[in-house]
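In this note's numbering, the protein residues as written are 272 to 502.
No residue lacks a Cβ here, since even glycine has one placed at the ideal position from N, Cα and C.
All values reported here derive from a predicted model rather than from experimental measurement.
Report on the following structure.
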Ligand SMILES: [Zn+2]
Ligand SMILES: [Zn+2]
């Protein structure tokens with residue numbers, strides 16, 4: 272394992288600045304690796320970790336730097352819970368699943384304690400600014416003052432693992448390809464249709480197509496070359 276200072280420098284570069292969240296994230300991920308006995312997460316142990324992260328903030332980048340887990344490698348699973356917490360899953364420690372369940376793995380969930388901010392204030396009352404207080408305090412406070420920990424089991428279907436090869440299936444409505452078995456089967460007029468998430472639940476899409484008027488109203492440069500609205 273690299274040193275705390277070396278990892279922090281790497282995190283600062285990846286994230287664009289040094290902040291209390293980086294320090295907390297580096298320490299959280301180092302603790303997770305320590306608990307799982309993952310000594311070289313970016314080397315010999317690089318296929319052991321999958322990390323669930325419950326927030327998309329500064330610490331998220333730091334956790335990726337320490338663990339070597341990347342969203343683009345399917346080794347980070349983002350759960351948008353708005354909580355400063357992460358679960359480090361050890362793929363080398365399977366736990367016998369009950370019959371019919373997805374395989375599960377031993378994991379350590381680590382959450383930042385709310386009281387850590389108060390501890391930072393107590394430690395450096397004379398320092399102006401919460402971020403400065405926390406940057407200093409989060410370096411030196413013991414793990415028990417910063418984090419709560421819990422051993423957990425995490426079910427992970429083989430299709431969720433890094434390296435899973437899936438068939439590519441075309442959505443019967445939009446024609447776009449769907450990977451990783453994300454296609455849905457929906458009854459329509461007595462027929463089963465294979466649909467992508469966006470077509471199966473069109474109202475719940477994270478985007479809605481613009482109308483011709485909206486495109487005209489909100490476009491400036493490039494409007495002439497923008498794609499035509501969907502029907
Ligand atoms: Zn930051
Ligand atoms: Zn579709």
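For residue 469, the CB falls within less than 7 Å of some heavy atom of ligand 2. With contacts defined as CB atoms closer than 8 Å, residue 384 and residue 395 fail to qualify as a contacting pair. Here residue 293 is buried, its C-beta having at least 16 other C-beta atoms within 10 Å. Comparing alpha carbon positions, the residue from 423, 301, 308 and 278 closest to residue 366 is 423. Residue 360 sits away from residue 309, with the two beta carbons spaced by 8 Å or more. Counting the other CB atoms within 10 Å of its CB gives residue 445 a total below 16, which places it among the exposed residues.
In terms of Cα proximity to residue 342, the closest of 433, 390 and 412 is 433.
Excluding residues up to 5 positions away in sequence, nothing lies with its Cβ nearer than 6 Å to the Cβ of residue 490 in the same chain.
Setting aside the 5 residues that flank it on each side, residue 272 is surrounded in the same chain by 310, each with a C-beta closer than 6 Å to its C-beta; the list follows chain order.
For residue 332, the enclosing alpha helix (DSSP H) begins and ends at 329-338.
When rounded, the separation of the alpha-carbon atoms in residue 285 and residue 457 is 42 Å. Measuring C-alpha to C-alpha distances from residue 428 to each of 372, 289 and 403 identifies 372 as the nearest. Between residue 339 and residue 312 the beta-carbon gap is near 5 Å, inside 8 Å, which marks them as a contact. CA-to-CA, the gap between residue 324 and residue 421 works out to about 15 Å.
Of the residues 461, 352, 466 and 459, the one whose Cα lies closest to the Cα of residue 450 is 466. Between residue 329 and residue 402, the C-beta gap is not smaller than 8 Å, which leaves the two residues out of contact. In the DSSP annotation of this structure, the continuous segment of the beta strand (DSSP E) that includes residue 364 starts and ends at 356-366.
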